[in-house]
Amino acid sequence: MPLAPPLLHLLWEFTVCKISLKKAKNVSRICSDYDIIIAADTLVFLDGRPISKPESPEDAAAMLRELSGRRHTVFTGVALLKDGRQTTWAERTDVYFREMSDSEIIEYVNTGEPMDKAGAYGAQGRGAVFIERIEGDFFNVMGLPLCRLATTLREFGVSK
C-alpha cells in the first residue's frame, strides 16, 4: 500500500533535512566554533518518486518529457549551525511546467544547463521559460529558501 501524500511529504522533509544536517556537520569539522554554517539539499519529486540529477543528456531529456505539462514538488532541507546551536527545516514549493515540444527539450538539453540539476532544469536559468507558475518560494526551487533563512538567521542573532 503506497504512503498517503501527507506521510510522503513528511518523509521527504525528513530526508532533505537529514542530508543538509549531515553536510553542515561535515563542514563544521573544519570551522571554528564562531562560524555560521549553512547547508542545503534540494530534491524534486514527481508522482511520489524522487527525480535526481540526470546521468546523461538522454536522461535529462527523458526527465523533462515527464515534467512537461505537469506539476512537481521541490523540497529543500536547510541546516544552520552557530555557537553550538543547530536547526533544520524543509521548504516545499509546487512547480507547474507548461507543455514542451521535443525540439524545445532537445535544444535546452544541448545547452548543458540541465546536467547538474535535480529535475534536469534550472529555474534561475534557461529552464525558467518552462515554468508556468510556482506555488511557494521561488528561491526554494533554486535550492535555498532565502526568506526563511533570513528569518532563522535573525533568530540566531545574525542581523547582517
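Residue numbers for the sequence shown follow this note's numbering, beginning at 23 and rising by one.
Quick reminder that beta carbons are idealized off the backbone N, C-alpha and C, glycines included.
Everything numeric in this text was worked out from a predicted model, so none of it was measured.
Boundaries for Pro72: no alpha helix (DSSP H) harbours it, while the beta strand (DSSP E) harbouring it runs Arg71 to Ile73, taken from the DSSP string.
Membership of Phe119 in the beta strand (DSSP E) is indicated by the continuous run Arg107 to Phe119.
Taken in chain order, the complete beta strand (DSSP E) segments of 3 or more residues contained in the segment 123-174 are 153-157. The beta carbon of Cys53 sits closer than 7 Å to those of Ile59, all from its chain and outside the five residues before and after it, given in chain order. Closest option to Lys40, judged by alpha-carbon separation, among Phe119, Leu65 and Arg155: Leu65. Contact annotation: Asp63 and Gly99 have beta-carbon atoms nearer than 8 Å. DSSP, reduced to helix, strand and coil, places Arg176 within a helical segment of the structure shown. Listed as beta-bridge partners of Arg93 by DSSP are Tyr118.
Leu175 has its alpha-carbon roughly 9 Å from the corresponding atom of Lys182. Just so you know, the alpha carbons of Arg120 and Arg92 end up roughly 7 Å apart.
Rounded to whole angstroms, the gap between the alpha carbons of His94 and Gly147 is 18 Å. Comparing alpha carbon positions, the residue from Ala101, Cys169 and Ala112 closest to Asn48 is Ala101.
In summary, Thr110 is buried, with 16 or more beta-carbon neighbours lying within 10 Å of its beta-carbon over all protein chains present.
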